[in-house]
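See below for the structure under consideration.
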Amino acid sequence: MADSAAAEFLGPVPEPVFEGEVVAAAHGLQQLGQVMDGALLIVIFATSGALEALATARTADSVRGLLDLAPATATRVDADGGEESVAVEELTVGDTILVRPGECVGADGRVLDGASDVDQATITGEPLPVAKAKGDEVFTGALNGTGALRIKVERDASDTVIARIVRMVEEASETKAPTQLFIEKVEQRYSLGMVAATLAVFLLPLAFGAALTGSLLRAMTFMIVASPCAVVLATMPPLLSAIANSGRHGVLVKSAVVMERLGEVDAVALDKTGTLTEGTPRVTDVRPLAGAGLKEDELLTLAAAAEHPSEHPLAWAVVDAARERGLDLPVAEDFGSTPGIGVTATVDGRKIAVGSPARLLHGAEDPRSAWAAVVAGELEDGGRTAVLVTVDGTPAGLLGIADRLRGDAATTVSALTTLTGTAPLLLTGDNPRAAARLAAEVGIEDVRAGLLPQHKVGAVKELEGAGRKVMVVGDGVNDAPALAAAHTGVAMGRAGSDLALETADAVIVRDELATVPAVISLSRRARKLVVQNLVIAGVFIAGLVVWDLAGSLPLPLGVAGHEGSTVIVGLNGLRLLREAAWRRAAE
Numbered sequence: 006m007a008d009s010a011a012a013e014f015l016g017p018v019p020e021p022v023f024e025g026e027v028v029a030a031a032h033g034l035q036q037l038g039q040v041m042d043g044a045l046l047i048v049i050f051a052t053s054g055a056l057e058a059l060a061t062a063r064t065a066d067s068v069r070g071l072l073d074l075a076p077a078t079a080t081r082v083d084a085d086g087g088e089e090s091v092a093v094e095e096l097t098v099g100d101t102i103l104v105r106p107g108e109c110v111g112a113d114g115r116v117l118d119g120a121s122d123v124d125q126a127t128i129t130g131e132p133l134p135v136a137k138a139k140g141d142e143v144f145t146g147a148l149n150g151t152g153a154l155r156i157k158v159e160r161d162a163s164d165t166v167i168a169r170i171v172r173m174v175e176e177a178s179e180t181k182a183p184t185q186l187f188i189e190k191v192e193q194r195y196s197l198g199m200v201a202a203t204l205a206v207f208l209l210p211l212a213f214g215a216a217l218t219g220s221l222l223r224a225m226t227f228m229i230v231a232s233p234c235a236v237v238l239a240t241m242p243p244l245l246s247a248i249a250n251s252g253r254h255g256v257l258v259k260s261a262v263v264m265e266r267l268g269e270v271d272a273v274a275l276d277k278t279g280t281l282t283e284g285t286p287r288v289t290d291v292r293p294l295a296g297a298g299l300k301e302d303e304l305l306t307l308a309a310a311a312e313h314p315s316e317h318p319l320a321w322a323v324v325d326a327a328r329e330r331g332l333d334l335p336v337a338e339d340f341g342s343t344p345g346i347g348v349t350a351t352v353d354g355r356k357i358a359v360g361s362p363a364r365l366l367h368g369a370e371d372p373r374s375a376w377a378a379v380v381a382g383e384l385e386d387g388g389r390t391a392v393l394v395t396v397d398g399t400p401a402g403l404l405g406i407a408d409r410l411r412g413d414a415a416t417t418v419s420a421l422t423t424l425t426g427t428a429p430l431l432l433t434g435d436n437p438r439a440a441a442r443l444a445a446e447v448g449i450e451d452v453r454a455g456l457l458p459q460h461k462v463g464a465v466k467e468l469e470g471a472g473r474k475v476m477v478v479g480d481g482v483n484d485a486p487a488l489a490a491a492h493t494g495v496a497m498g499r500a501g502s503d504l505a506l507e508t509a510d511a512v513i514v515r516d517e518l519a520t521v522p523a524v525i526s527l528s529r530r531a532r533k534l535v536v537q538n539l540v541i542a543g544v545f546i547a548g549l550v551v552w553d554l555a556g557s558l559p560l561p562l563g564v565a566g567h568e569g570s571t572v573i574v575g576l577n578g579l580r581l582l583r584e585a586a587w588r589r590a591a592e
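Structure (structure tokens):
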């Protein structure tokens with residue numbers, strides 16, 4: 006299924022082809038003795054075609070990987086309770102499926118029975134598994150936790166969230182205007198014009214009785230001095246130098262076209278989980294309750310000991326926090342886990358429960374339970390996940406857990422605001438409270454939370470409709486459609502999904518967010534050098550052409566002038582290879 010869907014999405018991999026004018030220009034150059042220039046023209050276009058074919062093939066692989074997120078089969082339950090394994094394509098709206106612990110959800114639907122924690126980060130980008138119970142919506146490809154779920158199918162296989170992501174990436178790729186370097190557009194026409202002008206320089210004097218040798222020599226000199234070599238080199242060395250310098254500092258820019266486009270960005274949209282944050286839950290608060298008789302380390306020790314046998318990401322966060330403090334964890338006995346509620350265990354003879362405050366406090370009316378509910382509300386209002394710890398059935402304290410902000414997030418947001426003239430906006434599938442808390446920390450005011458992939462694409466199109474050139478920075482499958490739709494897409498490389506990495510125009514290999522404004526600044530410096538080089542090349546070409554047509558330019562001097570201008574613009578462009586160029590861009 007994955008192979009056929011990828012083939013349908015991408016179509017056949019194109020073979021490298023040459024445009025008619027390119028072949029004609031190369032042939033004309035050959036006939037006039039400029040074999041190397043003609044060969045260079047062919048090599049440039051052959052390389053471009055080969056790279057395009059390679060990029061398409063690699064994108065096909067990433068789409069196959071995306072489609073593999075959806076399981077091939079699902080367990081369908083009939084009216085009598087009988088079970089059968091069927092291909093997900095055979096499921097219809099109204100069917101009931103059973104998803105056992107550790108399995109991927111096979112269809113978009115709603116929970117009929119059961120409770121579990123479901124990891125749906127691939128769809129929404131939420132950093133933590135979400136508790137699911139009767140009536141809650143679930144998505145294809147989400148990973149079920151420790152509980153069993155009976156789910157009523159609400160969408161056909163062709164209309165699941167995963168299938169829609171594939172279609173959105175396809176639509177964005179098709180509607181995104183194909184671009185090429187500005188100089189490539191000029192150079193293709195310039196080459197043809199140069200051939201025509203050379204023929205005119207040769208034939209017109211002959212028509213008026215000039216000598217063949219003199220006309221041929223003047224035409225050959227004209228062809229050499231008017232050759233676009235310096236014009237082509239005016240663009241490529243600065244851009245390629247910027248690409249090489251960026252690569253040394255952990256930013257993979259996929260082409261010279263992308264490097265040129267980076268400098269045009271005037272609006273930035275940032276994902277939250279895995280982009281502004283590390284994507285890993287951490288304990289941020291340890292809050293013992295008054296009267297419980299526990300200090301912070303004691304409360305964390307009991308919670309970590311009880312959570313140690315668990316495989317839940319929140320449990321890992323609690324255990325990691327205890328280890329970071331150097332706490333010794335006693336052995337837990339009689340461990341038990343209840344999906345959607347939490348864990349229980351006996352630690353040092355005391356019955357410890359760690360889990361959801363709403364579930365553990367349900368029906369309790371004593372003062373300490375009431376105070377625990379107040380503290381839990383404070384933590385959740387601050388964008389944290391509240392975890393209650395009870396000792397022998399009595400609330401003892403709470404833990405606050407949140408995704409940790411990257412250390413360079415605030416400075417990056419400030420730098421992007423300065424570069425683009427407007428503050429970035431935050432696009433996230435996470436809940437509004439967590440998004441608002443993080444946005445306030447880094448200085449973002451425009452926050453759009455609870456978004457599915459299509460909503461992120463809509464936000465990008467809204468900005469582009471207002472005339473903005475938008476850069477999207479993200480890392481997940483759910484970010485891929487927006488990365489494809491944006492003027493420029495940048496993926497976080499360390500934990501980025503395959504589809505995001507292939508769809509993006511550039512990849513932050515070491516997840517150093519501060520390199521994003523640096524590479525934008527470097528691109529703008531490269532564009533300035535391109536303009537300088539074009540002026541230099543234009544002055545040389547115009548001067549030598551006028552000399553040849555109005556006077557008598559010696560062929561060796563014409564060659565020296567042509568090659569000299571090529572060397573000058575090439576060396577000027579290589580300035581961006583220096584370490585100082587990156588430091589200035591980063592500042």
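Under the working numbering, the very last position in the sequence shown is 592; numbers go up by exactly one each time.
Every residue gets a Cβ at the ideal spot worked out from N, C-alpha and C, and that includes glycine.
Do you know how far the Cα of residue j is from the Cα of residue i?
i: Ala212; j: Val550; result: 21 Å
i: Trp552; j: Thr240; result: 26 Å
i: Gly99; j: Asp435; result: 29 Å
i: Arg115; j: Leu154; result: 10 Å
i: Val495; j: His254; result: 15 Å
i: Ile573; j: Ala261; result: 20 Å
i: Leu365; j: Gly152; result: 18 Å
i: Pro314; j: Ala381; result: 24 Å
i: Gly426; j: Ala311; result: 50 Å
i: Ser374; j: Lys356; result: 17 Å
i: Gly150; j: Arg580; result: 54 Å
i: Val544; j: Ala591; result: 33 Å
i: Leu518; j: Leu275; result: 11 Å
i: Thr390; j: Gly575; result: 56 Å
i: Gly341; j: Asp397; result: 15 Å
i: Thr416; j: Val447; result: 8 Å
i: Ala439; j: Trp587; result: 34 Å
Enumerate in chain order the residues of its own chain whose CB-to-CB distance from residue i is below 7 Å, with the five nearest sequence positions on each side excluded.
i: Arg529; result: Gly268
i: Ala491; result: Val465, Val475, Met476, Val477
i: Arg442; result: Gly387, Gly388
i: Arg583; result: none
i: Ala249; result: Leu582
i: Met264; result: Leu244, Ala247, Ile248, Val258, Ser528, Ala531
i: Gln125; result: Glu131, Val135, Phe144, Ala147
Cβ atoms of residue j and residue i: under 8 Å apart, would you say?
i: Pro344; j: Ser121; result: yes
i: Asp353; j: Leu332; result: no
i: Asp118; j: Glu159; result: no
i: Val256; j: Thr493; result: no
i: Val110; j: Val143; result: yes
i: Val200; j: Ala542; result: no
i: Leu404; j: Val291; result: yes
i: Asn538; j: Gly569; result: no
i: Ala327; j: Leu334; result: yes
i: Ala471; j: Gly479; result: no
i: Leu96; j: Ala79; result: yes
Our contact map puts residue i next to residue j with C-beta atoms below 8 Å; I'd like the distance itself, whole angstroms only.
i: Val359; j: Val348; result: 5 Å
i: Val514; j: Gly498; result: 4 Å
i: Ile406; j: Thr289; result: 7 Å
i: Val452; j: Leu431; result: 5 Å
i: Thr285; j: Asp484; result: Thr285 to Asp484, Cβ: 18 Å. No contact.
i: Val521; j: Leu421; result: 7 Å
i: Asp339; j: Ala350; result: 6 Å
Does DSSP put residue i in a helix, in a strand, or in coil?
i: Arg155; result: strand
i: Leu410; result: strand
i: Asp118; result: strand
i: Glu450; result: coil
i: Leu468; result: helix
i: Arg515; result: coil
i: Pro522; result: helix
i: Ser315; result: coil
i: Asp164; result: helix
i: Lys137; result: strand
i: Leu539; result: helix
i: Asp339; result: strand
Excluding sequence positions up to five away, which residues of its chain have a Cβ less than 8 Å from the Cβ of residue i?
i: Ala401; result: Pro293, Leu294, Ala297, Leu299, Leu304, Leu307, Val394, Thr395
i: Pro437; result: Val452, Ala454, Gly455
Let me see if you follow: with CB-CB separation under 8 Å, is residue i close to chain D or not?
i: Ala586; result: The structure shown has no chain D; it contains just one protein chain.
In chain order, what residues of the same chain lie with their CB nearer than 6 Å to the CB of residue i, ignoring the 5 residues before and after it?
i: Lys157; result: Thr101, Gly114, Arg115, Leu117
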